[in-house]
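Okay, structure first, notes after.
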Amino acid sequence: MMRAVLFALLLVASPALAVQPDEMLKDPGLEARARAISQNLRCPVCQGEDIDDSNAPISRDLRLAVRERLVAGDSDAQVIDYVVARYGEFVLFQPRAEGSSLILWLAGPAMLLAGAAIALAMSRRRAVAAEAEVLSEADKARLAELLEK
Amino acid sequence: MIIEFGHFTLVLAFMVALVQSTLPLWGAYRRDARLMAVGDPAAVVQFLLIATSFAALTYGFVTSDFSLKLVVENSHTAKPMLYKVAGVWGNHEGSLLLWVLILSGFGACAVWFGSNLPMRLKARVLAVQGSIGVAFMAFMLLTSNPFLRLENPPMNGNDLNPLLQDPGLAFHPPFLYLGYVGLSMSFSFAIAALLEGRVDAAWGRWVRPWTLAAWIFLTIGIAMGSWWAYYELGWGGFWFWDPVENASFMPWLISAALLHSAIVVEKRESLKAWTVLLAILAFGFSLTGTFIVRSGVITSVHAFANDPARGVFILGILGVFMGGSLTLFAFRASVLEAKGVFAVVSRETALVANNLLLAVSAFVVFTGTIWPLIAELVFARKLSVGPPFFDAAFTPFMVALAIILPLGAMLPWKRAEMGRALRPLRGALLLALAVGLLVYAVQTGRSALGPVGAALGAWVVSGALVDLWQRLGRGSVGARLGRLSRLPRADLGKVVAHSGMGVTIFAVAAMTAWVKEDIRTVKIGETFALGSYDVTLQAVNKVEGPNYHSTMADMIVRKGGVVVASLHPEKRMYPVAGMPTTEAAIDQGVFRDLYLVIGDAQDDGGYAVRSYIKPFANWIWGGALLMALGGILSLSDRRFRVAAGARKPAVVAMAAE
Chain A
563 MMRAVLFALL LVASPALAVQ PDEMLKDPGL EARARAISQN LRCPVCQGED IDDSNAPISR
623 DLRLAVRERL VAGDSDAQVI DYVVARYGEF VLFQPRAEGS SLILWLAGPA MLLAGAAIAL
683 AMSRRRAVAA EAEVLSEADK ARLAELLEK
Chain B
2 MIIEFGHFTL VLAFMVALVQ STLPLWGAYR RDARLMAVGD PAAVVQFLLI ATSFAALTYG
62 FVTSDFSLKL VVENSHTAKP MLYKVAGVWG NHEGSLLLWV LILSGFGACA VWFGSNLPMR
122 LKARVLAVQG SIGVAFMAFM LLTSNPFLRL ENPPMNGNDL NPLLQDPGLA FHPPFLYLGY
182 VGLSMSFSFA IAALLEGRVD AAWGRWVRPW TLAAWIFLTI GIAMGSWWAY YELGWGGFWF
242 WDPVENASFM PWLISAALLH SAIVVEKRES LKAWTVLLAI LAFGFSLTGT FIVRSGVITS
302 VHAFANDPAR GVFILGILGV FMGGSLTLFA FRASVLEAKG VFAVVSRETA LVANNLLLAV
362 SAFVVFTGTI WPLIAELVFA RKLSVGPPFF DAAFTPFMVA LAIILPLGAM LPWKRAEMGR
422 ALRPLRGALL LALAVGLLVY AVQTGRSALG PVGAALGAWV VSGALVDLWQ RLGRGSVGAR
482 LGRLSRLPRA DLGKVVAHSG MGVTIFAVAA MTAWVKEDIR TVKIGETFAL GSYDVTLQAV
542 NKVEGPNYHS TMADMIVRKG GVVVASLHPE KRMYPVAGMP TTEAAIDQGV FRDLYLVIGD
602 AQDDGGYAVR SYIKPFANWI WGGALLMALG GILSLSDRRF RVAAGARKPA VVAMAAE
């Protein structure tokens with residue numbers, strides 16, 4: 563709730579829009595990298611917005627910081643580490659696949675495998691049942707007997 | 002007085018729901034026809050009472066009755082009439098009233114359209130439906146009463162969130178709720194079947210139309226929400242993987258799976274337990290979605306209720322209904338014996354794969370959505386899960402689904418030969434590969450998303466067309482087209498819906514991969530190039546709206562000197578809510594949208610301008626509409642109207658109670 567209020571206040575206080583032309587770097591290559599990095603960083607005070615889209619002043623500061631680091635020659639990973647070191651992993655929209663977050667990443671594939679295994683076991687059982695549908699020797703004999711009559 | 006009457010009818014409806022949830026159930030157990038017969042009038046009366054209550058609240062909003070707390074908080078006299086009405090459900094309490102209205106509406110529909118249902122099944126379905134109504138009306142009356150009065154009514158209200166004042170969004174919640182709540186019918190049928198211990202082809206035929214209807218509403222509701230996000234929120238994004246969006250997407254995925262598995266029950270009397278489980282889960286995800294949205298436990302742009310008491314109550318409802326139904330399922334599932342057998346290569350197996358992929362993708366969305374909560378509670382880590390995760394973790398399942406779709410749709414039931422099934426699809430496969438390669442060659446050096454999306458889209462759409470062609474039998478083109486009108490609607494619906502899926506897959510990939518963006522400062526009178534277009538900022542004017550001030554730009558788009566469009570992007574300020582919004586101006590085209598946004602005045606006298614070319618934007622929602630249309634076609638199939646009651650007399654033998 564506080565976050566929402568804060569967000570609303572920030573919005574009113576400064577109606578700045580997402581990425582501003584004055585923030586952008588002259589070098590298109592660096593700028594493209596900056597945009598890509600910004601789109602994966604969460605605005606710390608907003609509700610689920612990345613800093614590239616966000617109107618909050620702190621996002622503007624972060625966008626400028628990202629560009630500053632890029633101009634200084636940091637790699638993308640270094641820039642992200644720089645931001646995470648200051649704001650925590652909360653700002654990462656894509657949790658790193660390490661520690662307990664591995665569960666998150668593996669949940670889908672694990673469930674697919676488990677589901678496929680169950681489905682396969684069931685279909686085996688069904689296939690056995692299907693075999694049983696074929697006439698047994700006794701049935702065939704009985705059929706032949708009936709047909710002869 | 003009218004408000005008090007509405008309040009009174011809501012309490013009365015709660016009482017009726019109590020009766021509806023108990024007597025018919027007891028009657029079905031005792032085989033007492035008189036007790037079972039209570040269900041019918043109870044369901045209809047409950048609906049009429051809630052409709053009266055809803056009408057009373059709408060009256061309060063329309064007349065701007067500021068002695069009502071809810072109206073003060075969400076309305077304003079200067080608001081246009083459309084949004085006064087939409088304001089009824091643009092808030093927590095009112096949207097719950099809409100929720101129970103639709104819930105009781107579905108119950109009443111079961112009475113009106115269910116005259117051929119066996120008495121005991123209908124009694125049980127209505128009882129389960131009634132018990133959901135009891136839970137939600139208790140929730141409303143105890144924690145979220147929309148009819149609370151204020152002692153000192155203010156002169157005017159606080160206005161509705163300006164972002165929500167939009168025609169697209171005014172009708173987005175009702176559609177979504179029709180979908181969410183429609184799944185309660187599948188749930189009620191599933192519980193009734195478990196109580197009865199019997200699931201057969203006739204049951205599948207009864208459940209499918211309800212699921213189909215709910216799925217159609219969900220599809221339209223989600224598409225509307227996404228379209229609204231596209232032109233109203235941010236910069237033309239159409240899907241943000243926001244918890245509230247996910248809340249609507251999970252039931253959609255599960256109900257899509259349920260639609261398909263119900264076909265297997267209906268046609269082959271197989272996958273019964275799984276279908277019942279899916280029906281329970283689909284409604285479970287609906288309730289989970291309600292919990293996520295209503296409790297505000299996972300903060301998102303949509304959360305408007307942050308009261309923990311409410312969250313705990315809904316969690317209780319979720320726990321009782323899911324815990325209860327899953328326990329019942331665990332005890333009774335073994336009674337549901339599968340009859341139809343099938344080989345590994347068969348339509349049934351393909352539908353199992355479809356179900357597996359849809360269920361797992363829903364599960365991925367679910368884990369991603371609640372993971373921040375789990376990480377904080379269990380691992381004491383404050384982290385975020387956002388679009389990059391979902392894009393990476395969800396997309397592979399959809400790709401797999403698209404690959405198997407045309408093949409599975411054409412495999413024969415029971416036992417099939419892969420080679421023979423693949424033969425008619427060779428053309429489609431070649432076409433898809435050719436399209437993929439062509440796109441790859443044309444778009445040199447960009448992401449693989451474009452070519453893969455184009456190839457998959459071509460594969461699914463052409464596969465659906467091949468399916469249709471095969472269905473039309475043999476002979477000349479004319480003879481085949483002649484048979485088109487005699488094709489069962491369900492077959493036609495399948496082709497249309499599958500094509501829609503292909504179109505959406507292609508459009509999402511195309512728009513994401515090929516969007517062109519330009520951000521710059523533009524002075525008045527200045528022209529800049531955007532792709533092959535020239536955009537001129539003619540003027541920026543101050544305009545007064547009914548309840549906002551607007552800064553409106555006048556922009557001309559030319560191509561080769563010819564005027565293509567004159568667009569007026571706006572920046573609005575809603576003084577009552579104290580909130581600015583940006584209104585993008587969009588020139589919609591078949592192959593591209595031009596998307597212009599005006600920003601703030603800059604120090605040098607210019608304006609910040611964002612402009613985009615969004616290729617194939619409309620195809621995203623066009624595909625969704627095709628899916629919905631396919632659903633509607635399938636829903637109109639003759640067999641749901643004519644043969645729905647034809648439960649085979651041979652299987653009358655009842656399971657032991």
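Top line first, the protein sequences correspond to chains A and B.
Its first residue numbered 563, the first sequence is counted upward by one per residue in the numbering used here.
Its first residue numbered 2, the second sequence is counted upward by one per residue in the numbering used here.
From the three backbone atoms N, C-alpha and C, an ideal C-beta is built for every residue, glycine too.
Query, Result
"Which runs of the alpha helix (DSSP H), 4 residues or longer, sit entirely within the stretch 233-320 of chain B?", "244-269 and 273-296"
"What residue from B/M580, B/G600, B/A578 and B/P570 has the CA that sits closest to B/D588's CA?", "B/P570"
"Using C-beta distances below 8 Å, list every residue in its chain close to B/F540, excluding the 5 sequence neighbours before and after it, in chain order.", "A small correction: the amino acid at residue 540 of chain B is Ala; Phe does not occupy that position in the sequence shown. Within the same chain, B/A540 has close Cβ partners I525, A554 and D555."
"For B/R333 and B/F218, I'd like the C-alpha separation in whole angstroms.", "31 Å"
"Using a 10 Å radius around the Cβ and a threshold of 16 neighbouring Cβ atoms, would you call B/T370 buried or exposed?", "buried"
"Following the continuous beta strand (DSSP E) through B/L538, name the residue where it begins and the one where it ends.", "Y534 to E545"
"Note down, in chain order, every chain B residue with its Cβ under 7 Å from the Cβ of A/V581.", "I520"
"At a Cβ cut of 8 Å, what residues of the stretch 637-661 of chain A count as close to chain C, listed as they run along the chain?", "Although the question refers to chain C, the structure presented lacks it and instead comprises the protein chains A and B."
"Buried or exposed: B/M37, going by 16 or more other Cβ atoms within 10 Å of its Cβ?", "buried"
"Taking the alpha helix (DSSP H) that B/H8 belongs to, which residues open and close that run?", "I3 to R31"
"Would B/F593 and B/P616 be called neighbours here (beta carbons separated by less than 8 Å)?", "The question names Phe, but residue 593 of chain B in the sequence shown is Arg. Yes, the Cβ-Cβ distance between B/R593 and B/P616 is below 8 Å."
"Identify each residue in the stretch 587-607 of chain A for which the Cβ-Cβ distance to at least one residue of chain B is less than 7 Å, and report them in chain order.", "N602 and R604"
"Which residues does DSSP list as the beta-bridge partners of B/Q589?", "B/D594"
"Between the stretch 180-189 of chain B and the stretch 224-234 of chain B, are three or more C-beta pairs nearer than 8 Å?", "no"
"Can you tell me the Cα-Cα spacing of B/P210 and B/H261, whole angstroms?", "12 Å"
"What is the DSSP secondary structure of B/S335, counted as helix, strand or coil?", "helix"
"Taking only beta-carbon atoms, is A/A669 less than 8 Å away from chain B?", "yes"
"Please tell me whether B/A1 and B/V129 are closer than 8 Å, where the distance is taken between their beta carbons.", "Because chain B spans 2 through 658 in this model, residue 1 of chain B falls outside it and cannot be assessed."
"Within 8 Å (strictly less), CB to CB, does A/A627 reach chain B?", "no"
"Which same chain residues, not among the five before or five after B/L50, have their C-beta less than 6 Å away from its C-beta?", "T10, L13 and A14"
"Which chain B residues are close to A/S698, counting only those with a beta carbon under 9 Å from its beta carbon?", "Those do not exist, as A/S698 stays about 16 Å from chain B at its closest Cβ, beyond 9 Å."
"Does the beta-carbon distance from B/G290 to B/S249 come in below 8 Å?", "yes"
"Could one say the Cβ of A/D701 lies closer than 8 Å to chain B's Cβ atoms, at least one of them?", "no"
"With DSSP run on the structure shown, which of helix, strand or coil describes B/M553?", "strand"
"Just the C-alpha distance for B/A310 and B/V294, rounded to the nearest angstrom, thanks.", "14 Å"
"Considering only the alpha carbon of each residue, which of A/A659, A/S637 and A/R625 lies closest to B/A393?", "A/A659"
"Ordered along the chain, which non-local residues of its own chain (more than five positions away) have a Cβ less than 6 Å from that of B/L149?", "K70"
"Using the DSSP secondary-structure output, state which residues sit across from B/I614 in a beta bridge.", "B/K517 and B/L595"
"Against chain B, with Cβ distances strictly below 8 Å, would A/S685 count as a contact?", "yes"
"Considering only their Cβ atoms, is the gap separating B/A44 from B/A109 smaller than 8 Å?", "yes"
"Taking the straight line between their C-alpha atoms, what separation do you get for B/T1 and B/V86?", "Because chain B is modelled from 2 through 658, residue 1 of chain B falls outside the range shown and cannot be assessed."
"Roughly how many whole angstroms lie between the Cα atoms of A/V646 and B/V563?", "49 Å"
"In whole angstroms, what is the alpha-carbon distance linking B/G7 and B/D160?", "23 Å"
"Just confirm the distance between the C-beta atoms of A/F655 and A/D615, as a whole number of angstroms; I'd bet it's less than 8 Å.", "Between A/D615 and A/F655 the Cβ distance is about 11 Å, and since that is not below 8 Å, they are no contact."
"So, are the CB atoms of B/G91 and B/H173 less than 8 Å apart?", "no"
"Taking the Cβ atom as the reference point for each residue, do B/V265 and B/S256 lie within a distance shorter than 8 Å?", "no"
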